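Trainee: Heads up, the sequence shown is in full-length UniProt numbering, so the first residue is 1 and it goes up one at a time. Just so it is clear, CB atoms sit at the ideal spot from N, CA and C, and this is done for glycine as well. What you are looking at is a predicted structure, and each value in this text was computed from that prediction instead of being measured.
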Amino acid sequence: ECLGNLFGNTRHLYRLTGCFPHSQKNKPRPAPGMTMFGIMKTHSHILVDNLGKTATRGEAVDIKEFFGAYSMDVVTSTAFSVDIDSLNNPKDPFVTNIKKMLKFDFLNPLFLFTALFPFITPVLDKMDYALFPTSVTDFFYAALKKIKSERVAKDHKKKRVDFLQLMVDSQTAGKTEHGSSTEHTEKGLSDHEILSQSMIFIFAGYETTSSTLSFFFYNLATNPEAMKKLQEEIDQTFADKAPVDYEAVMNMEYLDAALHESLRLFPVAGRLERVCKKTVDINGLLIPKDMVVMIPTYALHRDPDYWSDPESFKPERFTKDNNESIDPYMYMPFGLGPRNCIGMRFAQVTMKLAIVEILQRFDISVCDQTQVPLELGINGFLSPKEPIKLKLKPRKVSLTEDICNNNTS
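1. How far does the alpha helix (DSSP H) with Phe362 in it reach, from first residue to last?
2. Report the rounded CA-to-CA distance for Val61 versus Leu286, giving the unit in angstroms.
3. Closest by CA to Asn97, which one among Glu59, Val123, Val372, Tyr141?
4. How many whole angstroms separate the CB atoms of Leu382 and Tyr298, which I take to be in contact at a CB cut-off of 8 Å?
5. How far does the beta strand (DSSP E) with Glu273 in it reach, from first residue to last?
6. In this structure, how does DSSP classify Val244 when only helix, strand and coil are distinguished?
7. The ligand PLP and Glu386: does the residue's C-beta get closer than 7 Å to at least one heavy atom of that ligand?
8. Could you name the residues that DSSP lists as bridge partners for Val293?
9. Can you tell me which of the three DSSP states Lys320 falls into?
10. Does the beta-carbon of Leu47 have 16 or more other beta-carbons within 10 angstroms, so that it is buried, or is it exposed?
11. Strictly by DSSP, which residues pair up with Pro338?
12. Does the beta-carbon distance from Phe215 to Leu390 come in below 8 Å?
13. Here's the rule I'm using: 16 or more other beta-carbon atoms within 10 Å means buried, otherwise exposed. How should Ala239 be labelled?
14. Mapping the DSSP letters down to three states, classify Ile147 as helix, strand or coil.
15. Hey, out of Asn379, Cys341, Arg264, Val292, whose CA is closest to Asn323's CA?
16. In three-state terms, what does DSSP make of Val268?
17. Please return the same chain residues whose Cβ sits closer than 8 Å to the Cβ of Asp402, not counting the five positions on each side in sequence.
18. Given Cys341, which residues of its chain have a CB within under 6 Å of its CB, disregarding the five upstream and five downstream residues?
19. Should Thr209 and Ala347 be called a contact, given that it needs their Cβ atoms to be closer than 8 Å?
20. According to DSSP, is Leu374 part of a helix, a strand, or is it coil?
21. Contact defined as beta carbons within less than 8 Å: I believe Leu255 pairs with Glu232. What is the distance between those atoms, to the nearest angstrom?
22. On the DSSP letters alone, give me the boundaries of the beta strand (DSSP E) that Ala60 sits inside.
23. Can you check whether the CB of Val349 is closer than 8 Å to the CB of Phe37?
24. So, helix, strand or coil for Asp303, using DSSP?
25. Would you mind giving the Cβ-Cβ distance between Ala55 and Phe362, rounded to the nearest angstrom? I have them listed as a contact below 8 Å.
26. Assuming Asp309 is part of the beta strand (DSSP E), what are its boundary residues?
27. With a threshold of 16 other CB atoms inside 10 Å of the CB of Pro267, please say whether the residue is buried or exposed.
28. Determine the burial state of Arg57: buried for a count of at least 16 other Cβ atoms within 10 Å of its Cβ, exposed for fewer.
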């Protein structure tokens, strides 16, 4: 069972005793990565435009600032159907409230208490303790009700395909159809549950995606031969900066291998936590029911007994010729089992799209302000102690593209 109850404000939010209500998690749903790819591309273009302005000035880039804005825009758009350019509109109500929510201290005594003693959470619920400001949850609850009512009022054929719509659809699908030969036994999501899931997407999707992208480009900048190899694959797949499409991105082998290798070195979730559902004996080790079991992901990913040269960035480890030799229990950046990260596919598509769009247009390199090697900070998620700053340089256009540009000028 996943540790949940991040919000605690049960006036508005469903208490999560898993990463997703189990009946709904197992219900077939459209692949979010593919159905929402168009939404992601809108925000990846904004990301590239913003990076381009900085690159032309020759300035060192705090890449987390840009990837944070990109991640926030994508998850806000897909979770609440609100399109914002958070980098250029910092005073937008959604931006300000999300930032309040994201100022979360994982060393908060209340959070540590519930993490170490999960059985006490029902008591805290009754006392109306909350880890997040009530004003923030009130804002999002009101926004959800407004957006949901607008969705219901619109023509069914004009529905926007995003997480919110998928969850709203689950309410209808979960209702029992009287007079039908087929009886629905699964319960649809309530408004409270939809809000909780939407906020989980924002909270979990923002930090993990932006940090993973930051670490990824740091690894490329410090390993230029890997960057060049990835750019070659991108140029072959999308000749002359052709528009990026979903199927092609998801079939890029070296891109996939490089992302997996970066996640091995820097898993944003440095450890996993599960609550034992029943007392179990494993090779003489007794684990009582309700015991919190912690898995040290970061340590496992760098264990020299399982990884050769574990401190080096080597994407070849995860190519088709080599990945079968990897012990799945030694690599788990998204967790394992039925309660692994439900947003894994979505996160991978979001990150791969940004990577391709950026490397189509820029070369990435270290600069005087780049900390090598990285010193990691002490936070809930794995993050550098100091911001990662890199240099972006516009790539030279190909001969074919140069001819096309001259013909159109």
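Mentor: Put simply:
1. That residue, Phe362, is in no alpha helix (DSSP H); its beta strand (DSSP E) goes 362-365.
2. 50 Å
3. Nearest to Asn97 by alpha-carbon distance, out of Glu59, Val123, Val372, Tyr141, is Tyr141.
4. About 7 Å separates the two Cβ atoms, so the contact holds.
5. It spans 272-275 - the beta strand (DSSP E) in which Glu273 sits, taken as one unbroken run.
6. coil
7. Looking for the ligand PLP in the displayed structure turns up nothing, as the structure carries no ligands at all.
8. Arg274
9. coil
10. buried
11. Its beta-bridge partners do not exist; DSSP assigns none.
12. The answer is no: Cβ separation not under 8 Å.
13. exposed
14. helix
15. Arg264
16. coil
17. With a pLDDT of 48 at Asp402, under the threshold of 50, the predicted position of this residue should be treated as unreliable, and no value is reported.
18. Close CB contacts of Cys341 within its chain, under the 6 Å cut and outside five residues either way in sequence, are with Phe334, Gly335 (chain order).
19. yes
20. coil
21. Incorrect: roughly 11 Å between the Cβ atoms, too far for contact.
22. Its beta strand (DSSP E) spans residues 60-62.
23. yes
24. Coil at Asp303, not helix or strand.
25. A Cβ-Cβ distance of about 6 Å is found for the pair Ala55 and Phe362, placing them in contact under the 8 Å criterion.
26. Premise fails: Asp309 is in no beta strand (DSSP E) and is neither H nor E.
27. buried
28. exposed
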